[in-house]
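For the sequence shown, my numbering puts the final residue at 272, and the numbers step up evenly by one. Beta carbons are placed, not taken as given, at the ideal position from N, Cα and C, and that holds for glycine.
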Amino acid sequence: MLKIRGLSKRFGQKAAVDDVTLDIPAGSFIGVIGRSGAGKSTLLRMINRLIDASDGSIQFGDVDVTRLKGQALRDWRSDCAMIFQQFNLVGRLDVLTNVLTGRLNHVPSWQALLKLWSADDKAIALAALDQFDMGQLAAQRTDSLSGGQQQRVAIARALVQEPKMILADEPIASLDPRNTRLVMDALLRINRHYGITVLCNLHSLELARGYCDRLIGMAAGKVVFDGLPGELTEDVARELYGLEAGDVMDDAAPPVLVPGMAPEIAQLIQA
């Protein structure tokens, strides 16, 4: 379980995240919702330790995440994979190599620098791509792909890290409706089939209600709602979204559940 206690982040006099306390059970699919500037991205970046907290603590099991340094911090970032809105891929490299960078914490540095990836590492990366229908593009330059394809490559890269948790920071913000569904289905598949905890920042309440089993609503850096999607009232939605509340309270169609992957692929990635 991830335990967050009194977590705050200040930039000058402004509190981007203000005294947040949460318990995140293993295997959850949690949507962090709210308008831009609510503190959602700052919260995820503190959990991943891309930025340091001003106050409070983050505890994962018996590990004090807020105190990690050096190799222990690198290990945590491998266990707590991050998916970004802008993909953070190397466009001039092929798809397979981008996914293989997710294995960096599992191989010696010299081996990665020389691109001497083992057959097992390549098989793991290809298996991850295959389950997101991207295996046929493994040799293609990443910058030639569509936005939705690039985000699926980023998700495959996160999966081969063998993480305990995935933090997705607005992963669908720049995607069209079809690719939005594909990316959200991919995150749901990871959560359901591997039991990996997913925290996903979303603007769309419709998508959050359709995919997530718990919603955390933030406004002005504070948590103003924490509960089941069906418990989110129109009043709370207005507090989160202001004038947008009428647009975001529409019922969402349930997501299409993804069929189970082949057992040999699951075993390969979990090995």
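Non-local beta-carbon contacts of Asp-227 in its own chain, meaning distances under 8 Å to residues more than five positions away in sequence, involve Leu-23, Arg-215, Leu-216, Ile-217, Gly-218 in chain order.
When the beta-carbon positions are compared, Leu-206 and Leu-189 stay at least 9 Å from each other.
Here DSSP, grouped into helix, strand and coil, assigns Gly-196 to coil.
Cβ neighbours of Gly-148 within its own chain (closer than 6 Å, five residues either side excluded): Ser-175, Leu-176.
Leu-90 sits in coil when the DSSP states are folded into three classes, being neither helix nor strand.
The C-alpha of Glu-240 is placed about 11 Å away from the C-alpha of Lys-223. Within a 10 Å sphere around the beta-carbon of Ser-29 sit 16 or more other beta-carbons, which makes this residue buried.
Counting C-beta pairs with one atom in each stretch, the stretch 95-106 and the stretch 144-161 have three or more that are closer than 8 Å, which means they touch.
With respect to Ile-5, Leu-168 sits apart: the two C-beta atoms are not nearer than 9 Å. Put simply, of Tyr-195, Gly-196, Cys-201 the residue whose alpha carbon is nearest the alpha carbon of Val-184 is Cys-201. No Cβ-Cβ contact shorter than 9 Å links His-204 with Arg-46. Secondary structure note for Thr-22: its beta strand (DSSP E) is the uninterrupted segment 15-25. Taking a C-beta distance under 9 Å as the contact criterion, Asp-76 and Thr-67 do not qualify as a contact pair. For the 9 Å CB-CB criterion, Val-154 and Phe-61 do not form a contact. For Asp-80, the enclosing alpha helix (DSSP H) stretches over residues 71-80.
Residue state for Ser-145 is assigned as helix, using DSSP reduced to three classes.
With a 10 Å radius around the Cβ and a threshold of 16 neighbouring Cβ atoms, Gly-32 comes out buried.
The bridge partners DSSP lists for Arg-6 are Ser-58. DSSP places Lys-223 inside the beta strand (DSSP E), whose first and last residues are 223-228. Of all alpha-carbon atoms in Cys-213, Glu-163, Gly-57, Asp-170, the one lying nearest the alpha-carbon of Tyr-195 is that of Glu-163.
As the crow flies, the alpha-carbon of Thr-198 is around 28 Å from that of Glu-235.
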